[in-house]
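Colleague: Sharing a structure below in structure tokens format, with a few things to ask.
Shown next as structure tokens:
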């Protein structure tokens, strides 16, 4: 049976056999939980195979996702497991896994705990530093195995309230395991009957052994905190359940204390299997974060945009020049290294920590920040003189930066070029700076910025146009191939969607970059070499951009059909990867990917407005 038949968000999914390939569960069968400081992946077999502590970009405590034998896991599973299903408690990141064994059925509820008073729209953070796993037997009898195996092993010491754990690879962590049933070690077996419960918590940081053991209360508090946040959700458009889930997934990529966001909570998931395009995405890309807060704002979450703008300006100020990515705390990203001790997901080495693209020049970041600032100010943000000074400096840089080669939005690891997308985002920087200054009567060379923005728009339409290809091209001088990033130009108001050269470009991208079934490649490697070996899958965000272009061009029915097709590719939990294998529908690349969930929200909002006859 084709793998895509197992996909699509389902609040009441059927039970299915647990599937593995090469010892690994499919990405489609993993659920995400988080607390605004870190995140974990939970398989339909009840095993947690990914958890970095205490933060997203810390070394993993559990990384069986990248080596099922040596990477470590926290399993809570039924002996003789036959079939399972997963779903979220509505409007929360509290995950339920139901597993059926030979003689019974058990339900496990997993969450990274939040404080009782946690406000997810506040920069105080809400994490308790605690993982809660609560199991109850729904029918019959089950033998439930609880096994915690940190990466690199662990030693334990018995305490009156549980076990103190020391992991040699993570001596900086104070780990404590507690349960409502006796724990004789890190591997225990519990024979349970209908109605019996097993609750296990793993804590770090704060010493929870001095607090009352109240897993059910923590789960209730966590559930309510998520639902309080979701009361701000506002959306009128198609696929509303998936858009709701996309908002929660993006929030799970958000560092609530700092205002930064990870591109994905994982590292080194390959695209494709067996390839070398395995990257560490646990850092804050300026571009990805800007897209995320734009999506948040469109569905009612304005605070995240405010927090991001403050974070990114502070990060820029702390370095000699603006960088394309930072750690969550605003520091330089560690150098990229390969880890020979892990075999990689489905044996797809290398596993990488850090990111070698961190020092690349990507001129789109000026436009990303100024566009965020413009949206923030239009929503009532307060512009202090020091903030305007820093924004104006970005505009001045963008005024000349577009002429210089960079690595572009796709972070090629070949020689830099003058990418059309990068030039377009410099146009956005100049346009938004002029607009802010004009609207608020601020000092600066506003007329020069406005003239430069208008001239750069004309230059893109004229010089990037390839008459033979009947399309704008990836390079500003008309060279290179067709590039799906050009679909973003109307979305950033660089070129109107219905401009003849933009409609022609949309058609060219849809035809020449088609991977079939509404999927698109970012570019073709033979026409646009990127310095890396091998090909890759279809990049989901590009197809969502195509939906928006079609809607803005008045082709609403076609846009809706494509949008529905793309949304049907989500996992039963409503999660999406970075890429899709066009031949099988298999998820590829880091997971869940913020970019893809941004696409779900943005395309849905644009379609909803098109239905109402609005295009702004």
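In our numbering, the protein residues as written are 4 to 619.
Virtual Cβ for every residue (Gly too), placed ideally from N, Cα, C.
As the structure is a prediction and not an experimental result, all values here were calculated from the model.
(1) CB residue 226 to CB residue 97, shorter than 8 Å?
(2) Taking the Cβ atom as the reference point for each residue, do residue 181 and residue 216 lie within a distance shorter than 8 Å?
(3) Any chance you could list the alpha helix (DSSP H) runs of at least 4 consecutive residues sitting entirely within the region 166 to 251, in chain order?
(4) So, at 8 Å on beta carbons, what are the nonlocal neighbours of residue 77 in its own chain, with the 5 sequence-adjacent residues on each side left out?
(5) Classify residue 171 as buried or exposed, calling it buried when 16 or more other Cβ atoms lie within 10 Å of its own Cβ.
(6) With a CB to CB cut of under 8 Å and the five nearest residues on each side skipped, what residues in its chain are close to residue 478?
(7) In terms of alpha-carbon separation, which member of 38, 506, 113 and 272 lies closest to residue 29?
(8) Return yes when the Cβ of residue 348 is within less than 8 Å of the Cβ of residue 60, no when it is not.
(9) According to DSSP, is residue 519 part of a helix, a strand, or is it coil?
(10) Please state if the CB of residue 553 and the CB of residue 599 are separated by a distance shorter than 8 Å.
(11) By Cβ distance, which residues of its chain are closer than 8 Å to residue 235, with the 5 residues on each side in sequence left out?
(12) Can you confirm whether the region 571 to 585 touches the region 260 to 280 when touching is taken to mean that 3 or more C-beta pairs between the two stretches lie within less than 8 Å?
(13) Is it buried or exposed, residue 443, if we count other Cβ atoms within 10 angstroms and call 16 or more buried?
(14) At a cut of 8 Å, does the region 523 to 543 reach the region 458 to 472 through at least three beta carbon pairs?
(15) Classify residue 159 as helix, strand or coil using the three-state DSSP reduction.
(16) Using three-state DSSP, classify residue 8 as helix, strand or coil.
(17) Name the one or two DSSP bridge partners that residue 54 has.
(18) For residue 122 and residue 502, what's the separation of their Cα atoms in angstroms?
(19) Compute the Euclidean distance between the alpha carbons of residue 431 and residue 452, then round it to the nearest angstrom.
(20) If you drop the 5 nearest sequence neighbours on each side, which residues of the same chain put their C-beta closer than 7 Å to that of residue 436?
(21) On the DSSP bridge list, what partners appear for residue 138?
(22) In terms of residue numbering, what span does the beta strand (DSSP E) encompassing residue 77 cover?
(23) Using 10 angstroms around the beta-carbon of residue 8, count the other beta-carbons present and answer buried if the total reaches 16, otherwise exposed.
(24) Rounded to whole angstroms, what is the Cα-Cα separation between residue 416 and residue 530?
(25) Alpha carbon to alpha carbon, how far is residue 62 from residue 169?
(26) Residue 391 lies in the alpha helix (DSSP H); which residues open and close that run?
(27) Going by alpha carbons, who is nearest to residue 40 out of 314, 255, 342 and 481?
(28) Using three-state DSSP, classify residue 590 as helix, strand or coil.
(29) Just to confirm, is the Cβ distance from residue 411 to residue 365 under 8 Å?
(30) From this set, 438, 462, 541 and 341, which residue's C-alpha is nearest residue 376's C-alpha?
(31) Within the chosen definition, does the region 563 to 573 reach the region 603 to 617 through at least 3 CB pairs nearer than 8 Å?
(32) Quick one: grab the DSSP three-state call for residue 71.
(33) For residue 22 and residue 100, what's the separation of their Cα atoms in angstroms?
(34) Give me the Cβ distance between residue 13 and residue 575, rounded to the nearest whole Å; I'm assuming they're in contact under 8 Å.
(35) Around the C-beta of residue 371, are 16 or more other C-beta atoms found within 10 angstroms, so that it is buried, or is it exposed?
(36) So what does DSSP say about residue 92, is it helix, strand or coil?
Modeller: Quick look at the numbers:
(1) yes
(2) yes
(3) 218 to 233
(4) 50, 51, 54, 65, 134, 136, 150, 151, 152 and 205
(5) exposed
(6) 420, 421, 422, 423 and 467
(7) 272
(8) no
(9) strand
(10) no
(11) 124, 303 and 304
(12) yes
(13) exposed
(14) no
(15) strand
(16) Here residue 8 scores only 46 on pLDDT, less than 50, and its place in the model should not be relied on; the value that follows carries that caveat. If DSSP states are grouped into helix, strand and coil, residue 8 belongs with the helices.
(17) 43 and 65
(18) 44 Å
(19) 10 Å
(20) 373, 394, 395, 398 and 452
(21) 111 and 201
(22) 76 to 81
(23) Model confidence at residue 8 stands at a pLDDT of 46, short of 50, so the residue's coordinates are unreliable and nothing is read from them.
(24) 15 Å
(25) 15 Å
(26) 388 to 404
(27) 255
(28) strand
(29) yes
(30) 438
(31) yes
(32) coil
(33) 15 Å
(34) 5 Å
(35) buried
(36) coil
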